[in-house]
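Taking the working numbering, the leading residue of the sequence shown gets 88, the next gets one more, and so forth.
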Amino acid sequence: MAVLADSNDNELKQLQDGGEGFTVPETNSFGQTFRDYDVESERQKGVEEFYRTQHINQTCDFVKRMREEYGKLNRVEMSIWECCELLNEFVDESDPDLDEPQIEHLLQTAEAIRKDYPNEDWLHLTGLIHDLGKVLLHPDFGELPQWAVVGDTFPVGCAFDESIVHHKYFKENPDYNNPAFNAKYGAYSEGCGLDNVFMSWGHDDYMYLVAKENKTTLPSAGLFIIRYHSFYALHRADAYKHLMNEEDIENLKWLKIFNKYDLYSKSKVRVDVEKVKPYYLSLIEKLDVQQNAASNIA
């Protein structure tokens with residue numbers, strides 16, 4: 088297993104410099120710029136309605152209830168690959184860049200990372216499993232509505248930063264006018280660490296709970312990527328950094344490496360699933376995660 092050591096800035100810089108094989112495309116699969124939520128497209132209106140509903144309903148109370156319920160991990164047991172195949176049934180309604188089944192995105196991400204960082208097998212696996220929490224859309228996992236599973240994530244319990252996509256809809260969120268939650272720090276304190284912050288509920292936080300509670304062998308940076316890969320206000324707009332501790336700051340460097348592949352690998356170019364499947368099955372077995380983390384994905 089490639090173990091992630093306490094990397095210094097020079098080692099991370101070498102990794103970043105090494106990632107030159109993947110070329111960031113100029114347009115997404117619809118011929119538009121990536122993450123453009125205002126451009127007229129066949130998905131724009133549906134995406135905006137998704138965020139209106141999400142922003143109204145993602146309250147601190149809702150997040151706490153979901154974490155308590157789903158933190159029990161008492162629903163279904165299945166392997167990592169079974170979860171990947173289950174995601175064939177779903178398209179992410181919040182995504183303006185792609186309308187392919189989710190397994191395509193998982194493999195596109197993992198394969199792009201694998202080409203640039205062949206020795207970082209933990210990062211390949213993180214790419215494969217980072218979105219597996221989207222099984223929450225399936226009836227066996229509660230069939231939650233899309234607004235409670237996908238989309239950009241953000242802290243609850245403090246002010247909603249204006250960099251969050253479609254921020255205007257937060258005005259209808261009950262926490263927006265709650266003085267306990269609408270200040271810069273809200274329920275938190277400076278440097279408290281993101282692990283102590285409640286994030287909007289969805290697939291990111293769920294998969295993080297699954298991996299953590301089942302004692303995954305992924306390093307801290309892998310868990311950080313899983314939980315915060317949709318936290319665009321942080322890794323694209325540098326919002327909420329006042330809540331981060333030193334470990335968060337180090338792990339953010341890895342998340343920014345990962346984010347390029349998560350976002351820009353989305354395309355209509357299909358991955359030959361059967362061709363790459365043996366590698367990922369061997370990787371799951373090698374890293375001893377199938378029984379430690381994902382077979383208890385319930």
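Even glycine gets a Cβ: it sits at the ideal position worked out from N, Cα and C.
Using DSSP with H/G/I as helix, E/B as strand and the rest coil, what is residue i?
| i | result |
| --- | --- |
| Met153 | helix |
| Met286 | strand |
| Pro232 | coil |
| Phe137 | helix |
| Leu219 | helix |
| Ser166 | coil |
| Phe345 | helix |
| Gly214 | helix |
| Tyr366 | helix |
| Gln145 | coil |
| Glu249 | coil |
| Asp262 | helix |
| His192 | helix |
| Lys373 | helix |
| Val360 | helix |
| Phe257 | helix |
As a quick exercise: from the options, pick the residue whose alpha carbon is nearest that of residue i.
| i | options | result |
| --- | --- | --- |
| Tyr256 | Asn144, Leu370, Gly133, Phe318 | Asn144 |
| Asn283 | Ala274, Gly289, His290 | Ala274 |
| Leu350 | Leu370, His316, Leu368, Pro232 | His316 |
| Ala308 | Ile167, Gly214, Thr240 | Gly214 |
| Leu160 | Lys151, Leu296, Pro261 | Leu296 |
| Leu212 | Glu333, His254, Glu361, Ala298 | Ala298 |
| Met294 | Ser166, Ile200, Gly220 | Gly220 |
| Gly289 | Gln131, Asp239, Val134 | Asp239 |
| Cys245 | Ala326, Arg314, Glu198, Leu174 | Ala326 |
| Cys171 | Pro266, Glu191, Arg314, Asn338 | Glu191 |
| Gly280 | Met331, Asn301, Trp209 | Met331 |
| Arg162 | Arg201, Asn265, Glu230 | Glu230 |
Buried or exposed for residue i, please, with buried defined as at least 16 other CB atoms from any protein chain shown within 10 angstroms of its CB.
| i | result |
| --- | --- |
| Ala324 | exposed |
| Ala320 | buried |
| Asp148 | exposed |
| Asp359 | exposed |
| Pro411 | There is no way to answer for residue 411, as the model of the chain reaches only from 88 to 385. |
| Glu389 | This structure cannot settle anything about residue 389, because the visible part of the chain is limited to 88 through 385. |
| Gly118 | Residue confidence is low: Gly118 scores 45 on pLDDT, short of 50, so the model does not pin down where it sits. Its coordinate-derived value is still stated next. Under this definition Gly118 is an exposed residue. |
| Asp291 | buried |
| Asp227 | exposed |
| Pro261 | exposed |
| Ile336 | exposed |
| Ala235 | buried |
| Glu176 | exposed |
| Ser287 | buried |
| His329 | exposed |
Based on DSSP bridge pairs, tell me the residues matched to residue i.
| i | result |
| --- | --- |
| Pro242 | Met286 |
- [ ] Jot down the residue ranges of each uninterrupted alpha helix (DSSP H) in the segment 274–324, minimum 4 residues, whole runs only, in chain order.
- [x] Within the segment 274–324, the complete alpha helix (DSSP H) runs of at least 4 residues are 290–300, 307–315, 319–322.
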